[in-house]
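Take the sequence shown: its position 92, counting from 1, is numbered 93 in my numbering, and each next residue is one higher. From the three backbone atoms N, C-alpha and C, an ideal C-beta is built for every residue, glycine too.
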Amino acid sequence: MNLLGSLFSSSIGRKFLMAATGLVLFGFVTGHLVGNLQIFLPPEKINHYGHLLESLGSALWAIRAFLLVCVVIHIWLAIQLTLENRAARPAAYAAEKTMRATLASRVMARTGIVVLAFIIYHLLHFTIRAQHPEWSEHTYRLADGTMVRDVYRMVVEGFSSVGVSVFYIVAVGLLAYHLAHGISSMFQTFGLKNENWTRGLDTTAKIYCWAYFLLNALIPLSVLGYVPVLSGLIQR
Ligand code: HEM
């Protein structure tokens, strides 16, 4: 059997793939947040950045395809692992350890489903622009004269709706919660957890997830005018 086959067929291999695809997706959401924080800079910055990404052409499509494969593998293995855990679960919840593990995995499955629903909504909202086809027509002239799509205006208009903003904030909150558990189990799978490191790693993961949530939430909250200094940076 080849390496890929044995990764998918053994329990440890599946856990490893789950952690590896999780790591890739973690890298994406972190990079995406850093890119999005450019909304607090003049519109030139994020529009130039959006244009740079679009001009990657087929390389961008290759990255998108790779991310999609990671999402599919991550979800597929999550379903398999959940079913396996359920099948192996003793009838009575005698041991506290079992109960805790079950609760953690249940939380992961539920937050994972909401995050998936959010991604589908987000793609329809900002990438396909299904509800606002006019966002595809809004253009911006960069300092060098290049006309590009006005991503800045799209984000500001998108978050001007309180309902949409609340949905984003709740979704990134659940994503941050999902990441907190995910990062911790990823360290476990990669064998990085030991008596000396476990507390430090879990604390770092928690701090990261809080920062991830708050920084993401600041974007819609600032557009809506709720963050004194940052709201003043948003140009309308
Ligand atoms: C406040 C938070 C967020 C903002 C402001 C934001 C903004 C954006 C923007 C402007 C785009 C590009 C649309 C385009 O012009 O084509 C985009 C694409 C995307 N976002 Fe977000 N996003 C946010 C949160 C998230 C989160 C939490 C996730 C993942 C769970 C995510 C996943 C994606 C994906 C997968 C794409 C498509 C990338 C591509 O076209 O290749 N976003 N987002």
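Under 7 Å, do residue i and residue j count as touching if we go by C-beta distance?
| i | j | result |
| --- | --- | --- |
| Ala110 | Thr83 | yes |
| Leu42 | Leu216 | no |
| Thr190 | Lys16 | yes |
| Ala181 | Ala206 | yes |
| Met148 | Arg142 | yes |
| Pro229 | Ser166 | no |
| Leu18 | Leu78 | yes |
| Phe214 | Gly174 | yes |
| Ile235 | Val156 | no |
| Met187 | Ala63 | no |
| Asp203 | Ser232 | no |
| Cys71 | Thr112 | no |
With DSSP as the reference, please indicate the residues paired to residue i in a beta bridge.
| i | result |
| --- | --- |
| Thr140 | Arg150 |
Is any non-hydrogen atom of the ligand NAD found closer than 6 Å to the C-beta of residue i, if you look at the structure I gave you?
| i | result |
| --- | --- |
| Ile184 | The ligand NAD is absent from the structure shown, which contains only the ligand HEM. |
Quick test of your reading: residue i and residue j, contact by CB under 8 Å. State the CB separation rounded to the nearest angstrom.
| i | j | result |
| --- | --- | --- |
| Val161 | Val224 | In the sequence as presented, Val is not what sits at residue 161; that position holds Ser. Their Cβ separation, rounded to whole angstroms, is 6 Å, which keeps Ser161 and Val224 in contact under 8 Å. |
| Leu68 | Phe29 | 6 Å |
| Gly51 | Arg150 | 6 Å |
Compute the Euclidean distance between the alpha carbons of residue i and residue j, then round it to the nearest angstrom.
| i | j | result |
| --- | --- | --- |
| Gly183 | Cys210 | 11 Å |
| Val115 | Trp198 | 31 Å |
| Gln132 | Gly226 | 23 Å |
| Leu5 | His75 | 15 Å |
| Thr140 | Leu53 | 15 Å |
| Asn86 | Gly58 | 42 Å |
| Ile170 | Gly192 | 33 Å |
| Arg200 | Val108 | 21 Å |
| Ala212 | Ala177 | 9 Å |
| Ile120 | His126 | 10 Å |
| Ala245 | Ile47 | Any property of residue 245 remains undetermined from this structure, which presents the chain solely from 2 to 237. |
| His179 | Gly146 | 43 Å |
| Ser56 | Glu45 | 16 Å |
Taking the continuous alpha helix (DSSP H) assigned at residue i, which residues delimit it?
| i | result |
| --- | --- |
| Tyr178 | 163–190 |
| Trp198 | Run containing Trp198: none; DSSP gives neither H nor E here. |
| Val230 | 229–232 |
| Leu1 | Residue 1 is absent from the model: the chain starts at 2 and stops at 237. |
| Thr83 | 59–89 |
| Glu135 | First-last for Glu135: undefined, no H or E at that position. |
| Pro44 | 44–55 |
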